[in-house]
Each structure stands twice: as C-alpha cells, then as structure tokens.
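Peer 1:
Residue numbers (full-length UniProt numbering): 1 to 252.
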C-alpha cells in the first residue's frame with residue numbers, strides 16, 4: 001500500500017518513498033500514467049540496490065491519488081509534484097517522463113535551488129498547446145470550447161480533454177520564455193516516438209540554456225521508452241547526472 005500526503009490544495013497524493021543517500025531521485029510520470037509503470041518501478045529497484053533515496057507518486061486524478069482525471073490540469077499536477085518533493089530533504093535529481101518532463105521543467109523554473117540535476121524521457125513541454133490545440137480541427141476546437149473533446153489513445157480508453165486543461169496549460173508554457181537549467185541535464189528521446197516528435201526534443205535543447213546539457217537520440221525507441229535497452233539508458237543518464245553532482249549524507 002502506498003503512503004499518502006495531503007497537498008496545500010487538499011488533494012490526496014499516493015506515493016512510495018525509499019530511504020537512502022541523497023541527492024534523492026524523484027520520478028515524475030506522464031499524462032494519465034501512474035507510478036506503477038515500468039520505468040518508475042525499475043528505477044525504484046535500481047535506487048534500492050544503490051542505497052539511493054527515491055520517490056515515485058501519482059498526480060491527482062492519476063493512479064491511487066484522489067480527484068477525477070478530468071478535473072485536473074498542468075498547474076494542479078505541478079502543485080502535486082511540488083508537494084511530493086516536500087517529502088525530500090536537500091536537492092533532488094528529477095526524472096520526468098513525457099508530461100513529467102514538462103512538469104520537471106516547471107519545477108526547475110520555479111525552484112532551481114531544489115534541483116541537483118534533470119533527466120527527461122520523451123519530454124513533452126507545452127503539449128496541450130503545441131500538440132493538442134494546434135492539432136485540433138475546427139470542429140474539435142468548437143467541441144472543446146463547449147466543455148471537452150475525446151481523443152483516441154493507443155493506451156486504452158480515449159483521453160477526455162477539457163477546456164480547462166488547454167486554457168490552464170497556456171499559463172504554464174516553458175518554450176516561449178527563457179528557460180535556464182543551471183545543473184546537469186540529460187534529455188532522452190526515441191526516434192520512433194509517435195506521441196512526441198524528435199523535433200520537440202531538438203526545440204527544447206535549442207531553447208533551454210545551461211552549462212551541461214545533452215540530448216541522446218535512441219534509434220527505433222518509441223514513446224514508452226521502457227524496453228531493456230532503454231531502461232539501461234535511463235539508469236546510465238541518472239548515474240551520469242549523479243556523478244556530476246556528488247553525494248549527500250543519508251536522510252534520517
């Protein structure tokens with residue numbers, strides 16, 4: 001059973017926290033995914049074997065946390081992530097997958113002093129605007145402005161996209177203004193990703209600024225980025241970042 005915290009906004013967030021050496025590693029999942037996914041669990045097992053502090057959690061409306069998915073928006077999930085990071089002492093290495101990459105960038109912008117390093121996996125910054133809204137037909141836009149629109153998903157039930165998700169997302173964009181990332185950053189992206197095009201990773205690399213930033217393209221990898229080879233690449237990127245930032249004392 002996961003533990004649970006209550007955010008300042010009153011949402012209940014389910015999480016698993018592994019004690020160990022800092023800086024802790026925190027996994028931020030994707031849109032409509034949960035902390036039981038392959039990448040999150042694999043990283044937790046790696047962290048436990050290393051004696052490394054590790055956090056995985058469900059945003060509100062996801063997994064085992066409270067609220068309805070359709071009530072949420074990027075800002076809510078950013079607030080949930082900030083509350084979850086409050087469980088950790090000191091600086092943290094963020095590992096953000098897909099939407100979690102966007103939320104990691106929001107955290108880096110809002111509280112850079114908490115971030116020791118960043119690894120993103122198929123990061124999807126600004127996707128509500130640049131992918132969803134920009135890709136909608138006029139009919140879909142009209143339907144959305146009336147409340148919501150359903151989009152097909154390869155991962156199960158259709159995604160219900162709400163007007164609030166799109167409009168609130170416009171207040172959280174990170175690719176329109178300067179985006180300093182003053183710590184080690186490793187972007188990972190598959191060339192066969194049907195959900196986040198390679199051009200997004202290249203745009204992010206070009207747009208962000210920082211002293212130690214690299215993009216790794218993995219030929220043939222899809223959006224899940226969770227086969228054995230990709231999992232090893234994720235761990236290597238996390239270990240690379242940790243090697244740059246050094247060790248902290250274990251948590252009490």
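Using N, Cα and C, we set each Cβ at its ideal position, and we do this for glycine too.
As the structure is a computational prediction, the values presented were derived from the model and not from experiment.
For residue 253, which beta-bridge partners are listed by DSSP?
Peer 2: In this structure the chain extends from 1 to 252, so residue 253 is not present and cannot be described.
Peer 1: Using the C-alpha atoms, what's the distance from residue 6 back to residue 13?
Peer 2: Roughly 6 Å separates the two Cα atoms.
Peer 1: Suppose you measure from the CA of residue 32 to the CA of residue 169; what does that come to, to the nearest Å?
Peer 2: If you take the alpha carbons of residue 32 and residue 169, they lie about 16 Å apart.
Peer 1: Provide the residue span of the beta strand (DSSP E) that contains residue 117, from first to last.
Peer 2: It spans 115-121 - the beta strand (DSSP E) in which residue 117 sits, taken as one unbroken run.
Peer 1: In terms of DSSP beta bridges, what is residue 97 paired with?
Peer 2: Looking at the DSSP assignment, residue 97 forms a beta bridge with 121.
Peer 1: Flag this pair as yes or no: are the beta carbons of residue 76 and residue 60 separated by less than 7 Å?
Peer 2: Yes, they are a contact pair.
Peer 1: Report yes if the CB atom of residue 126 is closer than 7 Å to the CB atom of residue 173, and no otherwise.
Peer 2: Cβ atoms of residue 126 and residue 173: closer than 7 Å.
Peer 1: Quick one: using the 10 Å Cβ neighbour count with 16 as the cut-off for buried, is residue 122 buried or exposed?
Peer 2: Buried, because 16 or more other Cβ atoms sit within 10 Å of the Cβ of residue 122.
Peer 1: What first and last residue would you give for the beta strand (DSSP E) that runs through residue 87?
Peer 2: Residue 87 -> no beta strand (DSSP E), and no H or E assigned at all.
Peer 1: Residue 190 bridges to which residues according to DSSP?
Peer 2: BP columns for residue 190 point to 218.
Peer 1: Contact between the stretch 106-119 and the stretch 235-246: three or more CB pairs below 8 Å?
Peer 2: With the cut-off at 8 Å, the stretch 106-119 and the stretch 235-246 touch.
Peer 1: Is it right to say residue 199 is buried, meaning 16 or more other beta carbons lie within 10 angstroms of its own, or is it exposed?
Peer 2: Per the 10 Å Cβ criterion, exposed.
Peer 1: Please classify residue 157: is it buried, with 16 or more other beta-carbons within 10 angstroms of its beta-carbon, or exposed?
Peer 2: When all chains shown are included, residue 157 counts as exposed.
Peer 1: Would you identify the three-state DSSP class for residue 9, choosing helix, strand or coil?
Peer 2: Of the three classes helix, strand and coil, the one that applies to residue 9 here is coil, per DSSP.
Peer 1: Might you give, ordered along the chain, the residues of its own chain that have their beta carbon closer than 7 Å to the beta carbon of residue 252, omitting 5 neighbours on each side?
Peer 2: The predicted model places residue 252 with a pLDDT of 34, which falls under 50 and marks its position as unreliable; any figure quoted below should be read in that light. None.
Peer 1: Count the other CB atoms, across all protein chains shown, that sit within 10 Å of the CB of residue 229; report buried if there are 16 or more and exposed otherwise.
Peer 2: Residue 229 should be labelled exposed.
Peer 1: Would you check if the stretch 82-101 and the stretch 42-61 touch, i.e. whether three or more CB-CB distances between them fall below 8 Å?
Peer 2: Result yes; three or more Cβ-Cβ pairs closer than 8 Å.
Peer 1: Closest to residue 147 by CA distance: which of 177, 49, 71, 186 is it?
Peer 2: Residue 71 is the option with its Cα nearest to residue 147.
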